[in-house]
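To keep things clear, I will list the structure first and then write my remarks on it.
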Amino acid sequence: VPVEEQGPWRAAADPAGIETVLLAGPVTPDDRLARVCEASRGYVYGVNLMGTTGERASLGERGAVLAKRMKAATDKPVLMGFGVSTPEHAVEVSAEADGAIVGTAVVRRILEGGTPAELHAFVASLRTALDAA
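Residues in the sequence shown are numbered consecutively from -9, following the working numbering.
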């Protein structure tokens, strides 16, 4: 939900105890970034790259720049997602942010018939890499 259009959503979500997490991207202007950070509940979601979500070979530097901007704009946790596909990516984005969001890499494993043990191993590899960083 765009920050400017969240009124009806918030009117329903807030009384139900649902925290609304808003997203900011690499080209989000500073004034809008401040509004997104203020309106988010729980944490703020930073989008590492332009385009659609999905696995990537590399993330580039835009996410790190955005994470720094977000950290300067809020005291809420900043989590970075979009393109985070490997333990190395999780460590990379967590160098500037408070954490990483991994979605497509998990969903792909499920859709390809990954077992619970294989999914556990993948998530554990993310945790191990983050703990070692």
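C-beta atoms are modelled at their ideal positions from N, C-alpha and C, and glycine is treated no differently.
Can you give me the Cβ contacts of residue i inside the same chain, cut-off strictly under 6 Å, excluding the 5 residues immediately before and after it?
| i | result |
| --- | --- |
| N38 | L49, G53, M70, F72 and G73 |
| I91 | L69 and G71 |
| A3 | T10 |
| K61 | V68 |
| R31 | E9 and T10 |
Is DSSP giving residue i helix, strand or coil here?
| i | result |
| --- | --- |
| V97 | helix |
| A90 | strand |
| L12 | coil |
| E102 | coil |
| V74 | coil |
Just how far apart, CA to CA, sit residue i and residue j?
| i | j | result |
| --- | --- | --- |
| L101 | T94 | 10 Å |
| H110 | P77 | 13 Å |
| S115 | A85 | 17 Å |
Can you give the beta carbon distance from residue i to residue j, rounded, assuming they're within the 8 Å contact cut?
| i | j | result |
| --- | --- | --- |
| V34 | V(-7) | Actually they do not touch by this definition, with Cβ atoms about 11 Å apart. |
| A63 | L120 | With a Cβ gap of about 24 Å, A63 and L120 do not count as contacting. |
| E108 | R99 | 6 Å |
| G36 | L12 | Actually they do not touch by this definition, with Cβ atoms about 10 Å apart. |
Need the endpoints of the alpha helix (DSSP H) that residue i sits in, please.
| i | result |
| --- | --- |
| L120 | P106 to A122 |
| L56 | R52 to A63 |
| V81 | P77 to S84 |
| E28 | D20 to A29 |
In terms of residue numbering, what span does the beta strand (DSSP E) encompassing residue i cover?
| i | result |
| --- | --- |
| G(-3) | Taken as a continuous stretch (DSSP letters only), G(-3) belongs to no beta strand (DSSP E), being part of the alpha helix (DSSP H) at G(-3) to A3. |
| V34 | V34 to V37 |
| V68 | V68 to G71 |
Output needed for residue i: all residues of its chain with C-beta closer than 8 Å, excluding positions within five of it in sequence on either side, in chain order.
| i | result |
| --- | --- |
| R22 | V(-7) and A14 |
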